[in-house]
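*Asks:* Under our numbering, think of the first position of the sequence shown as 10, with each following residue one higher.
Even for Gly, the Cβ is constructed at its ideal location relative to N, Cα and C.
Predicted model, so just to flag it, every value in this text is computed and none were measured.
Structure provided below as structure tokens; questions to follow.
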Amino acid sequence: MASHPYISGPRNITQMIGFLRKNFPATVTSDTVKRLGLASNNESYVINVLQFLGLIDEQGKRTVEGHAVMTKHDEGEFQSSFEAVVKAAYSDLFDLRADDAWSMNRDQLVGFFRSVDKTSDIIGGRQAGVFMALRELAGHQPEEVTAGKPKVANGGRTKTSIKRAKPAEQTKSDEVVQDVSPPPSKQLKGDMALTVRIEINLPAEGTQETYDAIFKSIRANLFP
């Protein structure tokens, strides 16, 4: 059996602590959690967390220490007192990692809980979720940093995004203007030179082969 508490929705713990800070009844049971509308069908998991922290005893009665912490009105004083509660409850984690435990990422926490409690990946993840919710209440909100190489989709292939110009811009950019002069061997009357202006509208979705074929055709027909 896991020695560290877990629940599928750790935010239920955050909300429960919030309720207890406003009003901490003499006895807290699964029925109390149910009446508050939290953790439907998982009320006992919330109770387990409160007992693990020492806020209530095995009979659900609030402890003197728990009441002292929950009645701290100043946020800074509450966070400091709650931090001590969390460190005492997770003494094995803090004995191993000291204050670095406050900044451990999710994967590191899952690894710790799975190693200590011999739990599955799912349960280990839920245990990590509970600890992360509790440390936030204690004023610790470390940034999650994933170590290692960034994940690349499509089986490791790099996806290249090609931006196409807007239709109006494409028409302008794809318009090729060429000034073609006929071969000098053909003399015109009066030594006049003739310049032929050719405008080519290239297809926006054309490939390099398409463009090469177009220009090859132009050369073949203009310069036989």
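If we ignore side chains and look at the alpha-carbon of each, how far apart do Phe87 and Ala137 end up?
*Replies:* Cα to Cα, the separation comes out at about 22 Å.
*Asks:* Rounded to the nearest angstrom, what separates Gly164 and Ala142 at their Cα positions?
*Replies:* For Gly164, the predicted model reports a pLDDT of 48, less than 50, meaning its position is unreliable; a value from the coordinates is still stated below. Whole-angstrom Cα-Cα distance: 34 Å.
*Asks:* Buried or exposed: Leu105, going by 16 or more other Cβ atoms within 10 Å of its Cβ?
*Replies:* Classification for Leu105: exposed.
*Asks:* Considering only the alpha carbon of each residue, which of Met79, Asn57 and Lys31 lies closest to Ser39?
*Replies:* That would be Asn57, whose Cα lies nearest to the Cα of Ser39.
*Asks:* Going by alpha carbons, who is nearest to Asn32 out of Thr219, His82, Gly133 and Glu52?
*Replies:* Closest by alpha carbon: His82.
*Asks:* Output the distance between the C-alpha atoms of Leu45 and Arg71, rounded to the nearest integer angstrom.
*Replies:* Looking at the two C-alpha atoms, the distance is approximately 17 Å.
*Asks:* On the three-state DSSP scale, how would you describe Asn32?
*Replies:* Note: Asn32 maps to coil in three-state DSSP.
*Asks:* Could you give the first and the last residue of the continuous alpha helix (DSSP H) run that contains Gln88?
*Replies:* Element bounds for Gln88: Glu84 to Ala98.
*Asks:* Determine the extent of the alpha helix (DSSP H) in which Val139 is found, giving its start and end residues.
*Replies:* From DSSP, the alpha helix (DSSP H) with Val139 extends over Asp130 to Leu146.
*Asks:* By alpha-carbon positions, which one of Gln60, Ile132 and Ser49 ends up nearest to Val37?
*Replies:* Out of Gln60, Ile132 and Ser49, Gln60 has the C-alpha closest to the C-alpha of Val37.
*Asks:* Using a Cβ-Cβ cutoff of less than 7 Å, which residues in the same chain neighbour Val42 once the five nearest sequence positions on both sides are dropped?
*Replies:* The answer, listed in chain order, is Met25, Ala48, Glu52, Val55 and Ile56.
*Asks:* Determine whether the beta carbon atoms of Ile16 and Arg135 lie at a separation below 8 Å.
*Replies:* Against a cut-off of 8 Å, the Cβ pair of Arg135 and Ile16 comes out as a contact.
*Asks:* Taking the CB atoms as reference points, tell me whether Leu146 and Phe91 lie closer together than 8 Å.
*Replies:* Yes. Within cutoff.
*Asks:* Does the distance from the CB of Leu118 to the CB of Phe140 come in under 8 Å?
*Replies:* Yes, they are a contact pair.
*Asks:* Do the CB positions of Val94 and Gly63 come within less than 8 Å of each other?
*Replies:* Result yes, Cβ atoms of Val94 and Gly63 sit closer than 8 Å.
*Asks:* Judging by CA-CA distance, which residue of Ala110, Glu84 and Ala35 is the nearest neighbour of Val73?
*Replies:* Checked all of Ala110, Glu84 and Ala35; the closest Cα to Val73 is Ala35.
*Asks:* Compare the beta carbon distance of Asp101 and Val125 with 8 Å and say whether it is the shorter of the two.
*Replies:* Cβ distance < 8 Å, so Asp101 and Val125 count as in contact.
*Asks:* Out of curiosity, what's the CA-to-CA distance linking Gly69 and Gly75?
*Replies:* In a straight line, the C-alpha of Gly69 is about 12 Å away from that of Gly75.
*Asks:* Compute the distance between the beta-carbons of Arg123 and Gly133, then report whether it is under 8 Å.
*Replies:* Result yes, Cβ atoms of Arg123 and Gly133 sit closer than 8 Å.
*Asks:* Can you say whether Ile131 is buried or exposed, counting buried as having 16 or more other CB atoms within 10 angstroms of its CB?
*Replies:* Burial call: exposed.
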